[in-house]
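Residue 154 is where the sequence shown starts when you use our numbering, and the numbers rise one by one after that.
Each residue gets a CB set at the ideal place from its N, CA and C atoms; glycine is no exception.
Bear in mind that the values here come from a model prediction, so they are computed numbers and not experimental data.
Down below is the structure, laid out as structure tokens.
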Amino acid sequence: MNCHILKGFFLLELLQLGIMSFGIGISGAVSPGPLTIITMQQSIKKGFFVGPAMAIGHSFLEIFVVLLIALGLVNFAQDNQSVENIIGIVGGIVLLFMGKRLFVLKQDKTLTRIATPTASSLDAKLHSRPLQWAQLGWLSVVISITNPYFVIWWLTIGAKIINDGLNRGILGVTSVYFGHILADFVWMIFLAIIFSSGKKWINDSTQVLINRFFGTSLILFGIYFAYKPFIFYLT
């Protein structure tokens with residue numbers, strides 16, 4: 154009976170890690186960036202398949218990123234409370250900064266400034282070929298690794314989440330990874346649906362609400378990340 158209870162708690166912790174990783178991932182994904190803009194532009198030109206194609210390429214890159222960070226943390230952070238606290242505080246501060254920036258981003262029109270498809274572009278995308286999947290996947294990899302924000306995110310916020318996952322072993326890290334890439338897929342497919350349909354679903358007011366909702370989410374996650382190490386140093 155005790156064994157079943159412990160197993161249940163362990164599975165619950167894995168689920169919690171995945172949900173946290175998804176929540177932080179989707180909140181960060183909506184921040185305006187080159188990958189979001191390219192996904193929108195390509196969806197207008199080539200259709201819905203752009204979203205999943207870009208997400209697949211991005212997720213393959215992040216397999217290597219997660220493995221590299223996890224291996225580094227195993228050697229330097231595990232069982233070292235000071236290092237874990239520093240990671241938590243830095244990750245929390247970055248989240249707070251990102252959340253505040255996104256919350257007050259009232260004039261951003263990333264989701265509304267991209268032109269809707271014309272009749273000619275809609276006709277062209279009907280004749281696009283599946284071989285473009287590989288090209289789009291590679292494009293998402295190049296855009297990501299050349300984006301300084303991507304590197305900073307993984308070395309701060311990402312490192313904190315992965316370190317939490319390592320406390321539950323390889324399954325914990327796996328849960329973090331799949332929670333994060335699920336957020337990428339949801340966001341990019343959402344963009345592809347919106348911008349390949351030929352309709353303008355999002356206006357300026359809607360984007361302000363989206364920015365404020367996810368900005369608040371990032372702020373709350375930032376407080377959560379920084380709270381434990383902050384209390385540790387106070388006591």
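Near the ligand FMN: residue i beta-carbon under 7 Å from a heavy atom
i    : result
S328 : The ligand FMN is absent from the structure shown, which contains no ligands of any kind.
7 Å Cβ shell around residue i - same chain, five flanking residues per side excluded
i    : result
A336 : F175, G178, I179 and A182
F378 : G241, G244, G245, L248 and K313
D255 : In the sequence under discussion, the amino acid at residue 255 is Leu, which differs from the Asp named in the question. Counting only Cβ-Cβ distances below 7 Å, and skipping sequence neighbours, we find S184, N364, F367, G368 and L371.
I296 : P187, L188 and I191
K381 : G241
L226 : A312, I315, N316 and L319
Neighbourhood of residue i by C-beta, 8 Å cutoff - its chain only, sequence neighbours within 5 removed
i    : result
F213 : G290 and V294
G325 : E166, L167, L170, D317, G318 and L319
R321 : F163, E166, L167, L170 and S328
F229 : V236
N300 : G186, P187 and L188
Cutoff 6 Å; reference residue i; Cβ partners in own chain excluding five residues on either side
i    : result
A345 : S196, F201, V203 and G204
A206 : W286, L289 and G290
I209 : G290
S349 : S196, G200 and F201
F303 : S297
F338 : A208
Cβ separation of residue i and residue j, assumed to be a contact under 8 Å, to the nearest whole Å
i    : j    : result
W286 : I222 : W286 to I222, Cβ: 28 Å. No contact.
V219 : I315 : 6 Å
G172 : G332 : At residue 172 the sequence reads Ile, which differs from the Gly that was named. Contact flag correct, Cβ pair sits at about 7 Å.
G252 : G161 : That belief does not hold up - the Cβ atoms of G252 and G161 are roughly 33 Å apart, past 8 Å.
E215 : I298 : With a Cβ gap of about 11 Å, E215 and I298 do not count as contacting.
DSSP-derived helix/strand/coil call for residue i
i    : result
G186 : coil
S350 : coil
V219 : helix
G200 : coil
V257 : coil
Residue i at chain D interface by Cβ criterion, 8 Å
i    : result
M207 : No chain D is part of this structure, which consists of one protein chain only.
Exercise. Which whole runs of the alpha helix (DSSP H) in the stretch 280-348 are 4 residues long or more, in chain order?
Worked result: For the stretch 280-348, whole alpha helix (DSSP H) runs of length 4 or above, ordered along the chain, are 285-298, 301-306 and 312-319.
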